[in-house]
Every structure is written in structure tokens, then in C-alpha cells.
């Protein structure tokens, strides 16, 4: 409603408005499918609402990843109701490499033929 | 070097596993590498115990005070190999099954060891050397930045920008010469990565990431392990 007639004719503005509407309209549908596909349940309505908010943010993140990484397919995964921090804490666990000087280095192998 | 190579085609890779909500990726990466090395040494593919590493491996990096393998709080594949070398080896998955927690005590039984490490080494940041070591020595333990993996569904991941700070341990099992990259109008070579988030993630549990410029740090932390030729029970 704040977009002037002039702006509304702009294809870029229309695209942004359309994307935002699509996102809001489809998020609930995607979240319902996500819960079914991955067997997700939440103990309280508050938890459910919070996870839905996280899920919506992750839809946008997947869209950003798709733009930055166009040769892969990005979208809803079983981690879509986790914040990036939760994802890192629960599923990643590699200590930072301090290349040990006592570890032997692999000999250089021939790579021709 | 062959233009395409995949250790799955030779039976050197066990089924995709699931680490659950536990930061034990390092242990899956380490067992995957030793499973492959044991296969090369003996011709037998055995699923090895990550839980043994989670419960019993508290090996520390001698160069950094307090940097120790620490169950669900993280670890490092090279220190896991060091532990395995000192402990005498790893038990079978079925003898010491995965629980997804690190609250248990160590229940390692040396009489049940089925795979042992003879030595391990780190590989230089050189894609040809990585490929050569992969083909010669079996699947390799690698570190990677996993930021794009949270939303990954399939295809060849080749982000324009990605941090090289590794935070996830995975297993390099092969490579391909031509993953189609339509937006760049050319075929792109890629690595084939086995992950430990179950078969319902990515491409049946696998991730493809493009080769060529150390994307997401995939070439920076690569280690190879060799297994002793042991006889099993």
C-alpha cells in the first residue's frame, strides 16, 4: 500500500513484492510439509511459533545460498528449523587445525599417467 | 590419474551413517578413512566404531594446550588416528555401537579390535596430490566449512564465496570430471564427499563440491591413514 503507482509499474519492485508475498504465503505450507517429512513435533505452541520463525529465516537463507551457489540445489532440509548457531553446535565438531609437526607429511606421488 | 574415480564402486565405503545431534563428525571422518584403509589392506569392508572414539579418545594436540578430542564437543581426525595407533585399533560398529551421546564411560575391549592403524600422514594443499593419495591409499579424512551444507539438497556445490575455516569433518571418497554447471557454461570437476548426517540429507547422504580453488577449505586439511593387515575373528 505504500508503493506509488509509478513504483508499482517497476518490474523490479513488482518482483520484490511478489517474492515477499510468495514467501509469506508459502512458508506455512513448506513448514507443514517439513514437519511431516522429517517427523518434527514441538512441545509447546511457543516452541512451534519460534521454530516457524527460524524456518522462515532459513527459507530466505536457502534462497541466498541458491543465488551464491547456483550449480547446487538449496532448499528445505532436516536442519531448516535450526538457527545457524544451533546447527554449528549440534552437528559440527571439528577442532581448528593446528597442523601437528609430529604428523608425517605424505610423500609426493607421481601424477603423470 | 583416472579422470573419474569413486571408492564406492570398489566396495571400500560403508553405508552412510548418522551422527545425530552430537558434534562427533570428526570420529565418523576418521572411521571412514580407516574402514577404507582396512579394506585395501585386507579386502574386507568392516564398519568401525565411532562410539569408541567418542568415549575413549581424549588425545590432545601436543602443540596446543587443552586442544583434545572431546566426544560431542568436537575433535580432530589426526588425533583420532593417533589415539587408534596407541590403543591398538578400533572395534566393530556392532560390538561398540553408536549412541549419539558422550555421557557414557569407555568400554573398549582390546580383544575385539578388528582394524589397526600402521601410520597416518597429512597431505599437502595440492589437488593433484590429494587425488593421487585418494586413488593410491583409499578414502581420505578432510575438513570443510559446512555453511552451505545446512541448506544443500543436491548438485555440485560451487559457491562464489565460502570461508575456508573448516568446522566439519567428512570423508573424501572420489571425484568426477564433469558436473554440469549451466550458469558458467562449462563442465566442472568435483569432489565426492561422504557425510555423516544420514541418507536423508543431500544426495543420499553425499555432497559434491567443485574442485579447483580450495572451495570452503576442502583441500586444506586432508589426512590419509594406512591400516595394518590384521586377521579378524
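Residue numbers (my numbering), protein chains in the order written: chain A, 3 to 115; chain B, 1414 to 1646. In this text, a Cβ means the ideal position worked out from N, Cα and C, and glycines have one as well.
Element boundaries [alpha helix (DSSP H), containing residue i]
| i | result |
| --- | --- |
| residue 114(A) | Here residue 114(A) belongs to no alpha helix (DSSP H), and DSSP marks it neither H nor E. |
| residue 1496(B) | 1490-1500 |
| residue 1376(B) | Outside the displayed span of chain B (1414 to 1646) sits residue 1376(B), for which this structure offers no information. |
| residue 1439(B) | 1438-1455 |
| residue 92(A) | 86-93 |
| residue 1543(B) | 1540-1550 |
Which of helix, strand or coil DSSP assigns to residue i
| i | result |
| --- | --- |
| residue 18(A) | With a pLDDT of 46 at residue 18(A), under the threshold of 50, the predicted position of this residue should be treated as unreliable, and no value is reported. |
| residue 1607(B) | strand |
| residue 1510(B) | coil |
| residue 81(A) | coil |
| residue 1639(B) | strand |
| residue 1573(B) | coil |
| residue 64(A) | helix |
| residue 1433(B) | coil |
| residue 1633(B) | coil |
| residue 1589(B) | strand |
| residue 1477(B) | coil |
| residue 12(A) | At residue 12(A) the pLDDT is 46, less than 50, meaning the model places this residue with poor confidence; the figure from the coordinates comes in the next sentence. Residue 12(A) falls in the coil class under three-state DSSP. |
| residue 1472(B) | coil |
| residue 44(A) | coil |
| residue 1521(B) | coil |
| residue 1414(B) | coil |
| residue 51(A) | helix |
| residue 1426(B) | coil |
| residue 97(A) | coil |
| residue 1484(B) | helix |
| residue 1584(B) | strand |
| residue 1516(B) | coil |
| residue 6(A) | Because residue 6(A) sits at a pLDDT of 38, beneath the cut-off of 50, its placement in the model cannot be relied upon, and the following sentence gives the value as read from the coordinates. Residue 6(A) falls in the coil class under three-state DSSP. |
| residue 1461(B) | strand |
| residue 1419(B) | strand |
CB contact flag (residue i, residue j, <8 Å)
| i | j | result |
| --- | --- | --- |
| residue 1577(B) | residue 1633(B) | yes |
| residue 1504(B) | residue 1522(B) | yes |
| residue 1571(B) | residue 73(A) | yes |
| residue 1419(B) | residue 1605(B) | yes |
| residue 2(A) | residue 1537(B) | Lying outside 3 to 115, the shown extent of chain A, residue 2(A) is not represented and no answer is given. |
| residue 1435(B) | residue 1551(B) | no |
| residue 55(A) | residue 1564(B) | no |
| residue 1439(B) | residue 96(A) | yes |
| residue 1562(B) | residue 1620(B) | yes |
| residue 1612(B) | residue 1451(B) | no |
| residue 1422(B) | residue 1588(B) | no |
| residue 1623(B) | residue 1569(B) | yes |
| residue 1549(B) | residue 111(A) | yes |
| residue 1637(B) | residue 1534(B) | yes |
| residue 1437(B) | residue 1467(B) | yes |
| residue 82(A) | residue 114(A) | no |
| residue 1474(B) | residue 1489(B) | yes |
First and last residue of the uninterrupted beta strand (DSSP E) at residue i
| i | result |
| --- | --- |
| residue 1623(B) | 1619-1623 |
| residue 1556(B) | 1553-1557 |
| residue 76(A) | 74-76 |
Supposed contact pair residue j and residue i - C-beta distance, whole angstroms, cut 8 Å
| i | j | result |
| --- | --- | --- |
| residue 1648(B) | residue 1485(B) | Because residue 1648(B) is not part of the residues shown, which for chain B are 1414 to 1646, the question remains open. |
| residue 1553(B) | residue 1635(B) | 5 Å |
| residue 1528(B) | residue 1502(B) | 5 Å |
| residue 1567(B) | residue 1625(B) | Wrong, their Cβ atoms sit about 20 Å apart, outside the cutoff. |
| residue 1454(B) | residue 1642(B) | 5 Å |
### Query
At a cut of 8 Å, does the region 1446-1461 of chain B reach the region 80-100 of chain A through at least three beta carbon pairs?
no
### Message
When you compare the region 1456-1465 of chain B with the region 1500-1520 of chain B, are there three or more beta-carbon pairs, one atom per stretch, that lie closer than 8 Å?
### Response
yes
### Query
Per the contact definition of three or more C-beta pairs closer than 8 Å, is the region 57-71 of chain A in contact with the region 1478-1495 of chain B?
no
### Message
Assess contact between the region 1553-1565 of chain B and the region 1579-1590 of chain B, defined as three or more Cβ pairs (one per stretch) separated by less than 8 Å. Is contact present?
### Response
yes
### Task
Below 8 Å between beta carbons is the criterion; list the residues of the region 42-63 of chain A that meet it against any residue of chain C, in chain order.
Going by chain labels, chain C is absent from the structure shown, which instead holds the protein chains A and B.
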